[in-house]
Amino acid sequence: MLAVCCQTLDDNKPKRHGADGLIGGNPGSAIHIDFSTTLKKHCFPGLAFRPMPSDSKSTLIWYNTKEPKDVQYWSEELDSFLETYHNQNSFETVQNCNRNKQPDENKFCAFQLTPDFAPCTKEYRYGFDGKERGGPCIFLKLNKIFGWQPEFYTNATAPSDMPKHLRDHIAKEELQERHQIIWVDCMGENPTDVENIGPINYHPQRGFKGKYFPFHNVKGYVSPLVAVHFERPQRGVLINIECKAWARNIIHDRVDRRGSVHFELMVD
11 MLAVCCQTLD DNKPKRHGAD GLIGGNPGSA IHIDFSTTLK KHCFPGLAFR
61 PMPSDSKSTL IWYNTKEPKD VQYWSEELDS FLETYHNQNS FETVQNCNRN
111 KQPDENKFCA FQLTPDFAPC TKEYRYGFDG KERGGPCIFL KLNKIFGWQP
161 EFYTNATAPS DMPKHLRDHI AKEELQERHQ IIWVDCMGEN PTDVENIGPI
211 NYHPQRGFKG KYFPFHNVKG YVSPLVAVHF ERPQRGVLIN IECKAWARNI
261 IHDRVDRRGS VHFELMVD
């Protein structure tokens with residue numbers, strides 16, 4: 011029952027939300043059952059990744075860069091997924107928000123697929139064509155929850171289990187007052203995976219800006235994205251990858267994949 015409650019999102023405004031809602035102040039999803047105290051301990055946010063394999067039960071992204079059909083499948087999956095982002099300007103509810111400015115009431119901040127996403131763009135086939143032995147781009151988005159407001163880490167509040175390279179990055183961004191972000195970090199799950207995963211870059215930045223939250227189900231809203239570019243993964247090897255979202259009110263649970271997402275990558 012808890013699994014159902016954590017995975018089902020009502021398309022309309024919920025009867026309860028935030029601290030009074032089904033899952034308290036943590037992102038996730040909701041149906042209207044009045045036992046929020048119990049579920050608050052169990053329902054935590056998660057990440058989703060795109061593109062998805064044709065088998066809905068699979069989390070394996072496997073392709074051969076020399077097979078045009080493989081490259082076509084994965085790039086067209088992303089074309090389809092990103093179509094909504096190209097169409098958002100048709101809504102009167104969209105608003106251009108500068109830096110960390112929150113949108114006006116009944117508006118949402120536009121999320122643009124800017125040139126900063128390169129090479130994770132259609133022009134470059136999202137990296138799946140393997141030019142210069144490069145790797146693919148995997149897009150991440152955070153689950154929606156009505157009214158959830160992220161609590162951001164600072165250098166002083168970053169937890170000890172956060173990777174050092176991410177703590178260092180937050181410290182630098184905080185100096186520029188650019189730390190109001192739900193951070194994202196991807197790593198190989200096991201020592202062998204860490205060896206094989208290669209360099210990783212994040213586009214347009216290493217997380218989701220705070221101005222896109224809270225989600226208020228405004229018509230036309232699209233979730234912010236992070237494109238994770240695996241620059242040079244080892245060829246012919248299956249790599250287990252875990253990506254985590256980092257905010258003070260996001261809790262990680264590897265067993266149930268809360269606050270994180272797992273997938274496998276194999277490039278031939």
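Last residue of the sequence shown: 278 in our numbering, with the numbers rising by one and none dropped.
We treat Cβ as the ideally placed atom computed from N, Cα and C, and that holds for glycine.
Own chain, CB closer than 8 Å to V271, minus 5 neighbours either side, in chain order: G56, L57, A58, F59, L150, E252 and C253
Under the three-state DSSP convention, the category A181 falls into: helix
For S233, the three-state DSSP class (helix, strand or coil): Secondary structure of S233 (DSSP, three-state): coil.
Buried versus exposed call for T94 [16 or more other C-beta atoms within 10 Å across all chains shown]: exposed
Spatial neighbours of Q82 in its chain, beta-carbon cut-off 7 Å, leaving aside the 5 residues before and after: Cβ neighbours of Q82 beyond the five flanking positions: none.
Inter-stretch contact at 8 Å, needing at least 3 Cβ pairs: the stretch 102-115 / the stretch 212-228: Using a C-beta cut-off of 8 Å, the stretch 102-115 makes contact with the stretch 212-228, since at least three inter-stretch Cβ pairs fall below that distance.
Proximity of T75 and V238 at Cβ, strictly below 8 Å: no
Sequence-distant residues of its chain with Cβ nearer than 7 Å to F223 (five each side left out): W158, Q159 and P160
Cβ pair count under 8 Å reaching 3, the stretch 254-269 against the stretch 142-149: no
Separation of S68 from H175, as counted between CA atoms: 30 Å
Cutoff 6 Å; reference C130; Cβ partners in own chain excluding five residues on either side: Y136, C147, H213, A237 and H239
Residue range of the beta strand (DSSP E) that includes I210: I210 to H213
Nearest-angstrom beta carbon gap, I71 and E274 [assumed within contact, 8 Å]: 7 Å
E86 beta carbon less than 8 Å from that of M62: no
Proximal residues to A168 (C-beta, below 7 Å), its chain only, five neighbours per side dropped: R177 and I180
Contact check, G217 vs I249, beta carbons under 8 Å: The beta carbons of G217 and I249 sit no closer together than 8 Å.
Assumed close pair P209, K219 - CB separation to whole angstroms, cut-off 8 Å: Actually they do not touch by this definition, with Cβ atoms about 24 Å apart.
Where D203 falls, given that 16 or more other Cβ within 10 Å makes a residue buried: buried
Whole-angstrom distance between D114 and P243, CA atom to CA atom: Taking C-alpha positions only, P243 is separated from D114 by approximately 43 Å.
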